[in-house]
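Sequential numbering from 111 applies to the sequence shown in our numbering.
First up is the structure itself, then whatever we jot down about it.
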Amino acid sequence: MFFTRSSLGFFLLLGIYSGGLFLFMRGLLYFSSDQASAPVSQIRIPTPSTSAVKRLVLMVVDGLRSDLVFSPRYSSNWPKLRSFMKKLTFTYSNSITQPPTVTMPRIKAITSGRVPRFIDIVRNLDATAIREDNWVTRLNSQGWRLEFYGDDTWLKLFPYLFRSFDGTSSFFVNDFEEVDRNVTRHLNTLFRRPQDWDGVILHYLGLDHIGHVEGPDGYNVALKLAEMDTVVGSILDSLTTSGTTRNEQWLFILTGDHGMSDQGGHGGSSSGEVTTALIILSSTAIDKKGPVTQLSNGARTQQVDLATFIGSVTGAGIPSTSLGIIPSDWLAKFYHDPSTQIMAVIDLLSHFARFSGCTLLTSDGALKQVVTLDPGCSSSLLTEEQVILFNNLMKQLALGLFYLEQNNTSNSTLNALASVKTHMNQAIKLSQQLQSRALSGADKLDNTQMLLGGLIMWSVTLYLCLLIVRELSGKQRLSSNHTHVQLFAFKTAGQPELLSYMSSKLLCTFCTVCLLIQTISLSGSSYAEEEHQFWYFFSVSTLVLCTTLVWLGPLPWSSKRSSILCAFGILLLDRVLLRQMHRTGDKWIHLPDLSDWLYSPEHSFWLWPAQIFAWGVLFAMRWIAIESCNWGAGLPRNKILARFSPLLSLLVLSLSQLYYRWTAVFGSSEQVITSARFVYLVLLMDCLCTYNWTHTNQSLHKLTFQPSEQKRFWSDLLQPVATYPLLVGLLGRPAVTILWIGILIKECLLAHVIRSFWSEDHYEQSRAMKMRLSCCWLLYWIQGWTSFFQQGNSLSLATVDVSAAYVGLRTHQPTIAGILLTLYTYAGPLFWQMAYLTRFSLPGDLERHVTTSLACFRLGFVLLPITFCATVCYVLQSHLFIWTVFTPKLLYLAVFHIAFFPLLAIWGALRT
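See the structure below:
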């Protein structure tokens, strides 16, 4: 078959599938360059002629989960805030966000009122100027003098709009203080010149950093909340006592861009991540409250409500794409007269009329500026009954506004005003219904692109699945060049060879069944959320079966004993260290794990001995590897240096990484950057040393592929690929270094167990050759994804450690950051595949005979889960968990395909 016999066919399959995947993802994520705006209408929609406030202060505390303000445990950390709530008009609520819960999409929601698309989580690392209509741009165009201090994401979204600004860029989660001091230091000068600004935005990052490192229950959380309370007190004190601002109508808003999970991350859809605190205070004294002794959970509002509210209350107008409303409580407290309240409600209903899809009409006479809808209209947003209610409310509100504008004080006017309040409440309830419906249908999918891309993906996948069936059934047609040699080997094979072949086929079939079960499990949200349990079970099951087959095989007792001991070592290592290091999934991720124990203040002392011990074990393994490969006596000086250079490079590497860990805790940011960059150089040196050692070792011994040789087993430990886990250790937290040294040991032990399958015959005479290679690949594939979850990854995007992308970087560099984040996140499957290529590669002439078909065989296992998950997303696009379970999983797989594609391409180019 052409696709399995040529490198061109191999690359063609990859290219076709990648094109189909791109089409499907484009349809699913619907990432167009221009955001759809509201329908353009020739009808003039009335807006408040004067703003209710003249000055605005928005304070965003990154990661301010609602319970960090409202729960009894933390509300005592806000004494200054509570004291001002006794004096001023205020409201507070739980502000509900929509996934993805990362900073850039949340800023868009606060300013534009638009629900961010899932693709925004990809754009979060490289924010560009916002295209959607928003109140920041509107205020700037109306002459408001705006200033900003804090997270520089705002400066990327709103370039050239702030008269004075200072962006804070910190990619180190260990920085709890400096990022916030850079914001607070501007407050004194800011309020000494109130005549120079009309609005200011502050974005504090420290709490979010503490959450990433310590979680919401960390020791520094309470201290940071007290610091934020001090900042709030300073701002409110200046607003209420300054001669310029105390007589003005001003608004102060305290909120978070998103919350945080119980582990401190964010990006997903757990309750802690999507719920943030919102408190609004104003100088407008309409409805004074009694003493506030403590905060408690308030009402629920949507985060997008802020965009509508700020646009309305400042007179800038509601952003055209906003799905927010003005809750009744806000309307009563922050609009200073009934006329302004009525105009705000009319403006809100008119705004939602744009999204209805109905024909907009105008009334005659005194109501000529009132927008109504075609009475016979019915759309996905409005039912016929709601259209009638909408038109009636608009007329009643306009009538009440007309009476107020005439300054009529008759009893009939007062009665009409009382009824108008009832109509306003009905209008707010109607807008809440429209908002709920609009939010549920905010994500548009392009079914045509999804269907076309899905068909292309399934065409390639089904073709590759046929190859898998042929491979497992043993019905591959042999090439003419090797037919006679292979047939002679088949006929002359003895019973041990046949038993070895059947054992390999049984193990290969079992691995295939395991992978099929895992793929099918992706159709269930609960199974997908706990996917790691499948991989952990399959990892142990395949190892037990492999060990059993070795035990039953025709091997000497010494080989069986060593294999069983290695298997026992793997199980012990898995159970005691690797699985306990990081809990993952959804149901049990909140439980403490080994890394939490090591990071806790009372046990943090043990983190340093644990790291030193792990480096010592790795050093001992390299020493054994060097000693097991005897290069002879009387070596020249350069050969001696080449022989021991991997040990020297590892010694320097371990010391430099330990110093980097020390600077991350006790040093300055500049020391952290410098030490991290030095470690990068040492990693490069280690890679070159291991490459030189391997090349020299091969030239001295002229090694051939004989897997039973222990020398070859140990020499593989000094391949350049062994440097990759050490890079991952640098990018991750200290516990990750310990984890990956354990994974290195596990890979060595598993390779020893697998080598017990190889017979003493030459591979050219073994009919089990191709089956054995496939079997080894499947085992390493399962172990790769097991390591992926052992590293702490899960289905939730909150478990992606973004800080790994910025180790050693002083500024944001999207390309480098993306590469580092990919290398770290997918380190498990990438390392195990590179280790497989290192340990089980064949001589060139022989491998060119089988590798292309094997590459397609393995490619089928890579693409099948992606295709199946894409199908689930298409079929269940209206499912409750489409954006919180299925789409994140597909995004993980799609990005891995991009990361794995170069490896497959190089493999196909060099081996076919």
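Idealized CB from N, CA, C, for every residue including glycine.
Three-state secondary structure assigned by DSSP to Q923
The count along the sequence shown starts at 1 and reaches residue 923 at position 813. Coil at Q923, not helix or strand.
Exposed unless 16 or more other CB atoms sit within 10 angstroms - verdict on R303
Position 193 of the sequence shown, counted from the first residue, corresponds to residue 303. A residue is called buried when at least 16 other Cβ atoms come within 10 angstroms of its Cβ; R303 does not meet this threshold and is exposed.
For the stretch 922-931 and the stretch 777-786, state whether three or more C-beta atom pairs, one from each stretch, are separated by less than 8 Å.
With a cut-off of 8 Å, the stretch 777-786 and the stretch 922-931 do not count as touching, because too few Cβ pairs lie within range.
Residue from T909, D415, G564 with nearest C-alpha to Y1002
Here residue 1002 refers to the residue found at position 892 of the sequence shown. Checked all of T909, D415, G564; the closest Cα to Y1002 is T909.
Rounded to whole angstroms, what is the Cα-Cα separation between L441 and I435?
Taking the first residue of the sequence shown as 1, we reach residue 441 at position 331. Taking the first residue of the sequence shown as 1, we reach residue 435 at position 325. Cα to Cα, L441 sits roughly 10 Å from I435.
Does the count of Cβ pairs from the stretch 717-735 and the stretch 753-761 closer than 8 Å reach three?
yes
Do G408 and S203 come within 7 Å of each other at the CB atom, strictly closer than that value?
Mapped onto the sequence shown, residue 203 falls at position 93. Mapped onto the sequence shown, residue 408 falls at position 298. Against a cut-off of 7 Å, the Cβ pair of G408 and S203 comes out as a contact.
To which residues does DSSP link S809 through a beta bridge?
Numbered from its first residue, the sequence shown carries residue 809 at position 699. S809 is not bridged to any residue.
Residues near V650 in its chain [Cβ-Cβ closer than 8 Å; skip 5 each side]:
Position 540 of the sequence shown, counting from 1, holds the residue named residue 650. Excluding positions up to five away in sequence, the list reads L681, D684.
Are the beta-carbon atoms belonging to T221 and W254 less than 7 Å from one another?
On the sequence shown, residue 221 is found 111 positions in, with the first residue counted as 1. On the sequence shown, residue 254 is found 144 positions in, with the first residue counted as 1. Their beta carbons are not under 7 Å apart, which means T221 does not touch W254 by this criterion.
Pull up the DSSP beta-bridge partners for S392, would you.
As a first step, residue 392 is located in the sequence shown; it is residue number 282 there, counting from the start. DSSP, once it has assigned bridges, lists T199, L361 as partnering S392.
Going by DSSP, what residues sit across from L168 in a beta bridge?
In the sequence shown, residue 168 corresponds to position 58, counting from 1. L168 pairs with I311, I363.
Determine the closest residue to L625 out of L1000, L118, L974, T493, with distance taken between C-alpha atoms.
Here residue 625 corresponds to residue number 515 of the sequence shown, with the count starting at 1. Comparing Cα-Cα distances from L625 to each of L1000, L118, L974, T493, the minimum goes to L974.
Check the C-beta distance from T278 over to D262 and give it rounded, since I have them as a contact under 8 Å.
Position 168 of the sequence shown holds residue 278. Position 152 of the sequence shown holds residue 262. T278 to D262, Cβ: 6 Å. Contact.
What does a CB cutoff of less than 6 Å around F200 pick up in its chain, not counting 5 residues either side in sequence?
Within the sequence shown, numbered from 1, the residue matching residue 200 stands at position 90. Excluding sequence neighbours, F200 sits near L391.
By how many angstroms is the C-alpha of V414 removed from the C-alpha of N250?
In the sequence shown, residue 250 corresponds to position 140, counting from 1. In the sequence shown, residue 414 corresponds to position 304, counting from 1. One C-alpha to the other measures close to 20 Å.
Length-filtered (3 minimum) beta strand (DSSP E) runs lying within the stretch 429-484
470-472, 481-483
Is the stretch 117-125 touching the stretch 209-229, taking contact as three or more C-beta pairs under 8 Å?
no
Residue nearest to V846 in terms of C-alpha spacing, selected from I217, D796, Q721, L1000:
Position 736 of the sequence shown holds residue 846. It is Q721 whose Cα lies nearest to the Cα of V846.
Go ahead and label Y329 buried or exposed: buried means 16 or more other beta carbons lie within 10 angstroms of its beta carbon, across all protein chains shown.
Taking the sequence shown and counting its residues from 1, the one referred to as residue 329 is at position 219. Within a 10 Å sphere around the beta-carbon of Y329 sit fewer than 16 other beta-carbons, which makes this residue exposed.
The stretch 161-168 / the stretch 414-430 touching (three or more Cβ pairs under 8 Å)
yes
I'd like the span of the alpha helix (DSSP H) that includes G321, first residue to last.
On the sequence shown, position 211 is the one that residue 321 refers to. Where G321 is concerned, the enclosing alpha helix (DSSP H) stretches over 316-324.
When you compare each of V497, S529, T804, I206 to A508 by their alpha carbons, which one comes out closest?
Stepping through the sequence shown from its first residue, residue 508 is reached at position 398. Considering only alpha carbons, the answer is S529.
Beta-carbon proximity list for A724, same chain, < 8 Å, skipping 5 on both sides:
On the sequence shown, position 614 is the one that residue 724 refers to. The answer, listed in chain order, is T847, I848, I851, G852.
Look up I126 in the DSSP assignment and say whether it is helix, strand or coil.
Locating residue 126 in the sequence shown gives position 16, counting from the first residue. Helix.
Span of the beta strand (DSSP E) holding G412?
Counting from 1 along the sequence shown, the entry for residue 412 is found at position 302. According to the sequence shown, residue 412 is Gln rather than Gly. In the DSSP assignment, Q412 falls within the unbroken beta strand (DSSP E) covering 409-412.
Going straight from the alpha carbon of A638 to that of H862, what length do you get?
Numbered from its first residue, the sequence shown carries residue 638 at position 528. Numbered from its first residue, the sequence shown carries residue 862 at position 752. In a straight line, the C-alpha of A638 is about 32 Å away from that of H862.
To the nearest angstrom, how far is the alpha carbon of T385 from that of G366?
Taking the sequence shown and counting its residues from 1, one reaches residue 385 at position 275. Taking the sequence shown and counting its residues from 1, one reaches residue 366 at position 256. Going by the C-alpha atoms only, they are around 9 Å apart.
State the Cα-Cα distance for the pair A980 and L131, rounded to the nearest angstrom.
As a working mapping, residue 980 is identified with position 870 in the sequence shown. As a working mapping, residue 131 is identified with position 21 in the sequence shown. Going by the C-alpha atoms only, they are around 9 Å apart.
Round the Cβ separation of V293 and L317 to the nearest angstrom and send it over; I've been treating them as touching at under 8 Å.
Position 183 of the sequence shown, counted from the first residue, corresponds to residue 293. Position 207 of the sequence shown, counted from the first residue, corresponds to residue 317. The pair is not a contact, with the Cβ atoms about 12 Å apart (cut-off 8 Å).
I'd like the list of long-range same chain contacts for S68, defined as Cβ closer than 6 Å, with 5 residues on each side in sequence excluded.
Because the chain in this structure spans residues 111 to 1022, residue 68 falls outside the shown range and cannot be described.
With a 10 Å radius around its C-beta and 16 neighbouring C-beta atoms as the bar for buried, classify E494 as buried or exposed.
In the sequence shown, the residue the question calls residue 494 occupies position 384. Burial call: exposed.
Taking the straight line between their C-alpha atoms, what separation do you get for P437 and G563?
For the purposes of this step, residue 437 is taken as residue 327 along the sequence shown, with counting starting at 1. For the purposes of this step, residue 563 is taken as residue 453 along the sequence shown, with counting starting at 1. So the two alpha carbons sit approximately 43 Å from each other.
Mapping the DSSP letters down to three states, classify A219 as helix, strand or coil.
Taking the first residue of the sequence shown as position 1, residue 219 is located at position 109. In the structure shown, the three-state DSSP call for A219 is helix.
If you pair each beta-carbon of the stretch 789-809 with each one of the stretch 933-940, do three or more pairs fall below 8 Å?
no
Would you decide whether Q829 is buried or exposed? Buried here means 16 or more other CB atoms lie within 10 Å of its CB.
Mapped onto the sequence shown, residue 829 falls at position 719. That one is buried.
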